[in-house]
Structure formats: structure tokens, C-alpha cells
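For reference, the structure discussed in these notes is given below.
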Amino acid sequence: MPPRAALAAAAVLMVLSAAAADPPQGPSRVLPSVVDRSADNHATIRGLRVMAQSLPDSSAKQQVLPLLTRIDEGAARLPPSKRETFVSESLGELTILAGRLSPEAVPKEVLKQVQNGAAYLNNRANRWEESVRLSEQVLGIDPQNRDALLNRANAAYGLKNFQNSYDDADRAVKLDPNDPDGYTARALASYGLAEYLQAMEDARRALAMNPNDRTAHALMRLAEGRVPPTTVHDVRSRLEVEVQREYHGMVTQLNEVESRRQEPVASPSPPNVSRLLRGAADRIALKDYYGAVAAADKALAEDPNNAAAYYYRAAAYNLIGQYENAVANASHALSINPTETAARDARSFAYNHMGRFNDALADANHSLELNPRNPYAFANRGFAHERMGDLEAMLADLKKASELNPQFEPVYHDAAAAYGVEIKPLARRPEPPAAPVLTPRRKQFFSILLSSLAGGLLIAFGLLHIFGPRLARRSRAPSAINQSYDIGKPLGQGGMGVVYEAVDRALGRKVAIKMLLDEFQIDAGAKKLLLDEARTVAALHHPNIVDIHSIVADDRGLYLVFEFLSGRTVDQLVAAKGRLSLEEARALLKPVCAALDFAHRRGVVHRDLKPSNIMMTEQGIVKVMDFGISRRVKDTRQTLSGRRRGYEVTQTVAGTPYYMAPEQEDGIVRPEADIYSLGTCLYEMTTGRRPYPPPASRTQKTAADYIKPSALEPSLPRSFDVLIDGALHPDPERRIRTAGDFWALLEVVRPNDAGIAPS
Numbered sequence: 016m017p018p019r020a021a022l023a024a025a026a027v028l029m030v031l032s033a034a035a036a037d038p039p040q041g042p043s044r045v046l047p048s049v050v051d052r053s054a055d056n057h058a059t060i061r062g063l064r065v066m067a068q069s070l071p072d073s074s075a076k077q078q079v080l081p082l083l084t085r086i087d088e089g090a091a092r093l094p095p096s097k098r099e100t101f102v103s104e105s106l107g108e109l110t111i112l113a114g115r116l117s118p119e120a121v122p123k124e125v126l127k128q129v130q131n132g133a134a135y136l137n138n139r140a141n142r143w144e145e146s147v148r149l150s151e152q153v154l155g156i157d158p159q160n161r162d163a164l165l166n167r168a169n170a171a172y173g174l175k176n177f178q179n180s181y182d183d184a185d186r187a188v189k190l191d192p193n194d195p196d197g198y199t200a201r202a203l204a205s206y207g208l209a210e211y212l213q214a215m216e217d218a219r220r221a222l223a224m225n226p227n228d229r230t231a232h233a234l235m236r237l238a239e240g241r242v243p244p245t246t247v248h249d250v251r252s253r254l255e256v257e258v259q260r261e262y263h264g265m266v267t268q269l270n271e272v273e274s275r276r277q278e279p280v281a282s283p284s285p286p287n288v289s290r291l292l293r294g295a296a297d298r299i300a301l302k303d304y305y306g307a308v309a310a311a312d313k314a315l316a317e318d319p320n321n322a323a324a325y326y327y328r329a330a331a332y333n334l335i336g337q338y339e340n341a342v343a344n345a346s347h348a349l350s351i352n353p354t355e356t357a358a359r360d361a362r363s364f365a366y367n368h369m370g371r372f373n374d375a376l377a378d379a380n381h382s383l384e385l386n387p388r389n390p391y392a393f394a395n396r397g398f399a400h401e402r403m404g405d406l407e408a409m410l411a412d413l414k415k416a417s418e419l420n421p422q423f424e425p426v427y428h429d430a431a432a433a434y435g436v437e438i439k440p441l442a443r444r445p446e447p448p449a450a451p452v453l454t455p456r457r458k459q460f461f462s463i464l465l466s467s468l469a470g471g472l473l474i475a476f477g478l479l480h481i482f483g484p485r486l487a488r489r490s491r492a493p494s495a496i497n498q499s500y501d502i503g504k505p506l507g508q509g510g511m512g513v514v515y516e517a518v519d520r521a522l523g524r525k526v527a528i529k530m531l532l533d534e535f536q537i538d539a540g541a542k543k544l545l546l547d548e549a550r551t552v553a554a555l556h557h558p559n560i561v562d563i564h565s566i567v568a569d570d571r572g573l574y575l576v577f578e579f580l581s582g583r584t585v586d587q588l589v590a591a592k593g594r595l596s597l598e599e600a601r602a603l604l605k606p607v608c609a610a611l612d613f614a615h616r617r618g619v620v621h622r623d624l625k626p627s628n629i630m631m632t633e634q635g636i637v638k639v640m641d642f643g644i645s646r647r648v649k650d651t652r653q654t655l656s657g658r659r660r661g662y663e664v665t666q667t668v669a670g671t672p673y674y675m676a677p678e679q680e681d682g683i684v685r686p687e688a689d690i691y692s693l694g695t696c697l698y699e700m701t702t703g704r705r706p707y708p709p710p711a712s713r714t715q716k717t718a719a720d721y722i723k724p725s726a727l728e729p730s731l732p733r734s735f736d737v738l739i740d741g742a743l744h745p746d747p748e749r750r751i752r753t754a755g756d757f758w759a760l761l762e763v764v765r766p767n768d769a770g771i772a773p774s
């Protein structure tokens, strides 16, 4: 080993030893109850003991539990300052026992937890060889076990096998790019290999995800003084890339504001507020960002709940470079209107610049849930992937953004060039020439781009490409629906259609119209199935289900005319308060359960229940919205065998991933899927977070490895955990069967009771 690498390793070990009493924060996501990398030795032993207590009676339990109990209780009798030493001195017996356990005698998941926990404790006691041996036993059962890889990586570092340490940490990072522990482990290994730039980069990534990671902080301090002098050429190259990236980001933000400005969402704001909002947008177009903030301030003084004003202020702060202010204002806009994708895009943009890449990814993913063809969200997600080291994902997202909007082609090409990646020119379908009429304001914007921004010509043509077809589409009003309704402003957009405010001319009442246009271009048989299902849902007259007044169909599309609702959706309520109390959640979900039970008894499954589809109206009535009509659009066939078993098997996947039951990924439609979504909604309402982080994959749901709600919110009892476990069971046959059963369990849960211990 090179002398400087040996010295570097010794320095890191000194820093880590100094931090041992206050270890890095950030729990492991795979085994939060056992391998909690923020926990001390005693807490880890206690986690292992709790896990062992839950095992069925067996010889393995009889061996493991008494030993863990003895260590746990022995440590508990000592002063806190002596507990770590006591546990370390007791590791020999635990290590021998853990090593003797076999998959034949112990369930594999339990075995992995015990051996990973013991390996982690051995690392903390500098018993590197024992940790390696235990980790390799786990990897023999599960070669992709991230905790075992991290344990072995840290042990290899202690043994000064830096290349082995790097290889294991690198595998762990690839298995979970969103886990800071992997980047910290790889940073340690890179430091040992004297790859100081790599160590600094990985430490930065770890700190971006977990600012409290003391090991990453220590590595940053140590590595900064050991980076070789950078040549002037290297500095210029890096500056060029950074300036290029910043320029593209600025133009992206400007273009999204301009798109919003040219297609303003009508609002009931007073005329003066509307004028101020137009002024804020105009100020941004003129690059007078402080003037835009001032105009938005005035609008908010007159209308404190104006989401558009908060959005324009967020965009202006992004362009000024005050990203924390941008996040605060975008968050205000989203608390008022969670479907405001422009505000979510602005916040994602700010998070990227603040180094909060996980948050940027989450916002971009949410925007894409609302609008799967949002190029700005793809661009934001691509930039986040870049900063997190996922070059392939970055290029895929920027390619998609450029396919959706040509303004992103320079971004895509520059990003590829910066990393030396050759890409093929994008193939585009020939389009008929468009001759949109430009308003003076639009001409002014293009003039500004052409005169003030390098490369603005390409972007201007990109905007022309976008606006032209929009103007053409706008001139082709759907005649069938216009015969009876005056179409107003858009209220929101889902994956299958846009919802508009409208007025029924004959009755003079306000309604909401969901338009399914391109999605309705299907054969006659499929169209009949869809209309039949729409009529079935329209027959669901229940006080807690949004009424469908009418169904209008012509050769261009399907139009569903709903009762107009004014109020706040559950996701808005949660965004405003952070989380809801158990009593608040119960009051909201009682009518939801009644509505679902009513629908299920009539053979209708919602398929996409989520907080944004549950509204509390201004009159205090809870309404379930958006039953699965639009989700049937592409489900053109059902199998008879599925229907005989009480459910349907469709050709497509319907639902929003975060709330969707695992079987829905197979196209299976059954009432228990709504129970899964209901449980996910309840989890989010009471804890303020979803059970699974992005991407909320089927693998995550099948493992059911979510944090228990009572661990996140102390006021929730263990009986609440049992309810959630029953609702989120991955097997629909073992899930809570009906909405009535769900409500019966929820009704009897009381805060802070002893509850029922989960089995």
C-alpha cells in the first residue's frame, strides 16, 4: 500500500474513532429495526432481541433469545457510558451463535437480520474478520443484500483492503442510489485508495441526502487538503460545463414561465390581482426578477391564497438564485393547489440547486404522475440523476424531454458531450407547417430571447414548435359538448384527461367536465365497453360519491359531466398541516369507506383511490372522485376466468404507483385493491409520508418493508399498525376484504392505547 494511502487510512480511522460516541446519522432502509447505522451497540442488541421475540417457538429462538436478553438486560443495568463496552465484550458468544445458524433451522429473513446485526456490531468493535465472515454468510444466501455489502465494505476498509471495500460499496450504491450510507462507504474506500476527488464527490452526495452524516463531513475535511492542484485547462473546462448547465437551467425556468404566461389559468381573482399577476410574468420575461417579486408581493397582499402569485415569486427567486425562498414559495403554491405542476417543477429546480437531489426527484416524479408528458419534469429529474451519479438515467430523461419539447435538444446534446457520450440525432415525425398568430407579447418574448441569450434562436424555435400545434388544437372546439355547455377554465389534469369548469346552459348550473379525447380513439367494441362502464358508475348515486350528470360521446371523444365541487382535497389538507390527527383521518375516511362499500356491492372498483381523489367540500361533505371510468379506456378485454374468480384481468395497469396494490401491476382488478389504496391513504394522512419511497415498486410492496406508523408518530397505537398491516398485505387473499371491515377496525382504534401486538 502506498505510504500516503496508509497515512490517509490512519487519519480516517482517527476521525471515525473520535466520532464513535456520536455516530453518523441516517437509518438503514433495509433493516430499520436492527441495522440502524445511527444506533449504538445497545440499541442494536435491543432491536435484535425484539425481532427474536417475534419468532415462533423453535430451537433457534431458544438459542438466540436468552443470549440477546442477557446482553440487553446486562447493558441496561450499567451507566450509559459503560454499555458500549459491555456489549462489545459480549460479542464473542453472539458471533459464534450467529455464525452457527443455518437457513435450514431459521427463516432466511430472520437469519439475515441476525447475522447482519452481529456483523455491524463487530465492525463497531473493530472485529473486522468476524464481520467479513458473517457478511459473507448473508451474501451466500442473498448476493444482493445491501446491508451485508456495506458491512463487508466497512470491514474491508478496516483491514486496509481498500479495493475490496470500494467494490462492495459500489455494488451497494448501484442497488440503492438513494441511500447515503453507500456513498459514505464508497467515499471511505476511495480515500483509502488515495482517490481523493472521488472521495469528495461521494461524500458530497452522502451529505446532500443526509446533512448529519459525520463520517462524510470528516472525509470532506480530510480530502480537501489532498486533492492535487488543478490545471488552468481543467478549471476552464469545469467552469464551462457549470456555466452551460446554469444557462440551460435559467432558460428552462424562463420558458416554463412564458408557457404559463401565454396560457394563464383563469381564476376568480379580483381584476387588480390579475393585472398584478400579468405584471409579475411580464417582469420575468424582461428579466426584471426583483420587479416580478414586487408585483407578486402586491398580488398576495390583496389575495393571500393566490397560488399563481406564489408560483411567479418562486420562479423569480430561482432566477435570482435564492433557492430557499423559491422552495418556500413553491411549497405555498402547492399547499393551495397540489396539482400545480409548474410550482412543483419550480421547487424541483430549486432542490437540484440546493443539493437536495432526492427531493428534486420526488417532485419531478409527482409532476410526471400529474402529466406524464411534462418535459420540464423530465429535465429536472435528469439533472437530479446527474448529480447523484446516474449518467444513464440522466441521458434517458433528457432525451425524453427533448423528444417532448425541442427546446431541450441543446441540453441533451451538451450533457452527452460533457461526459463524452455519443448520441444519435433524434428522429422526429414530419409535421405540417404551422402559422400561429403571435401576439405582441409573444413576439416581445421571442425578441428578448433572440437578442439576449446565446442559443436563444434554437429555444425560440422550440417554443414556436410547441405553441403552434396548441393554437391549432385550440381552434378545433369539440362541437358535441359545446352544444349544451359553456367550457371554462381547466381545473386539473390526470393521466387520462383534462377536467374543465363549465356551465350547463339549460339548467344554468356550474359543472365539471372530464374530456377523454385521444384516449377514446378505440374500436367500436371497446368504445361500447367504456360507455357501459361509464353508465354503471353514473348509476352510483351515493352522498359521498361525485355524481355524474351526463355522458356525451361523439366521434372525437367522451365527455363526462360531473357535479361541480369546491373545497380542498385530502392531499391539500395534509400538505397544509403536515399530517392529520387520528380523529381527523377517521372523520374523513368514514364516508370514504361507506362510498367504497356501496360501489363494491354494485361491482364497481375505483382503481385509483388516492388523497387527491378525496375532497372535503366547502359544505363539509366528503366526496370520492374519479371512479375508474377513464381507467377503462385502454382495458379493451377481460378474461372470463378472472371474472369467475370475482375479479377482472385487464390488458393494462391502472393506478398511481404510490397507492396501487401489487396485483394491479398484473392488470388484476378486484375490490381488495381499493382497500390497499385506502390503507396507503390512511398511512400518509396520519404520518405525513407514504409507506414506500420512490419508485414504490412491486418489489418494495411485496416485501412489505415499510416503517410502522407508530414508529413515526408516537400518538398512533400498535393496533393502528395492525390495521395498516392488514390493509397493505401484498396478498389480496390475506388483505382486509371489505371497506366495511376496514372501517370497523379503524373505528375502534384509540390514540396511545396498548393496542394489539402485530403477529
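Positions 16 to 774 (our numbering) are the ones given, in order, by the sequence shown.
From the three backbone atoms N, C-alpha and C, an ideal C-beta is built for every residue, glycine too.
Sequence-distant residues of its chain with Cβ nearer than 6 Å to residue i (five each side left out)
| i | result |
| --- | --- |
| residue 366 | 374 and 375 |
| residue 231 | 199, 218, 221 and 222 |
| residue 372 | 223, 399, 402 and 403 |
Cβ-Cβ distance between residue i and residue j below 7 Å
| i | j | result |
| --- | --- | --- |
| residue 323 | residue 344 | no |
| residue 106 | residue 136 | yes |
| residue 582 | residue 632 | yes |
| residue 312 | residue 288 | no |
| residue 574 | residue 528 | yes |
| residue 716 | residue 674 | no |
| residue 394 | residue 377 | no |
| residue 295 | residue 310 | yes |
| residue 64 | residue 83 | yes |
| residue 379 | residue 392 | yes |
| residue 360 | residue 382 | yes |
Boundaries of the alpha helix (DSSP H) in which residue i is found, first to last residue
| i | result |
| --- | --- |
| residue 9 | Summary: the structure shown does not reach residue 9, with the chain confined to residues 16 through 774, and so no result is reported for it. |
| residue 716 | 713-718 |
| residue 733 | 733-742 |
| residue 304 | 304-317 |
| residue 97 | 95-104 |
| residue 213 | 211-224 |
| residue 346 | 338-351 |
| residue 156 | 143-156 |
| residue 14 | Because the chain spans 16 through 774 in this model, residue 14 falls outside it and cannot be assessed. |
In DSSP terms, what residue i is bridged to
| i | result |
| --- | --- |
| residue 583 | 631 |
| residue 578 | 526 |
| residue 519 | 500 and 524 |
| residue 636 | DSSP output for residue 636 lists no bridge partner at all. |
| residue 560 | 639 |
Enclosing beta strand (DSSP E) for residue i [first to last residue]
| i | result |
| --- | --- |
| residue 568 | 563-569 |
C-alpha distance - residue i paired with residue j, whole-angstrom precision
| i | j | result |
| --- | --- | --- |
| residue 618 | residue 744 | 22 Å |
| residue 172 | residue 405 | 25 Å |
| residue 139 | residue 207 | 18 Å |
| residue 726 | residue 94 | 26 Å |
| residue 497 | residue 708 | 43 Å |
| residue 690 | residue 530 | 28 Å |
| residue 747 | residue 688 | 7 Å |
| residue 145 | residue 170 | 9 Å |
| residue 430 | residue 750 | 47 Å |
| residue 85 | residue 720 | 28 Å |
| residue 421 | residue 410 | 15 Å |
Cutoff 8 Å; reference residue i; Cβ partners in own chain excluding five residues on either side
| i | result |
| --- | --- |
| residue 560 | 610, 613, 614, 638, 639 and 642 |
| residue 608 | 693, 754, 755, 757, 758 and 761 |
| residue 781 | One cannot answer for residue 781 here, as it falls past the ends of the chain, which runs 16 to 774. |
| residue 342 | 329, 362, 365, 366 and 369 |
| residue 235 | 215, 218, 219 and 222 |
| residue 68 | 80 |
| residue 437 | 431 |
Spatial neighbours of residue i in its chain, beta-carbon cut-off 7 Å, leaving aside the 5 residues before and after
| i | result |
| --- | --- |
| residue 600 | 697, 700 and 701 |
| residue 7 | Lying outside 16 to 774, the shown extent of the chain, residue 7 is not represented and no answer is given. |
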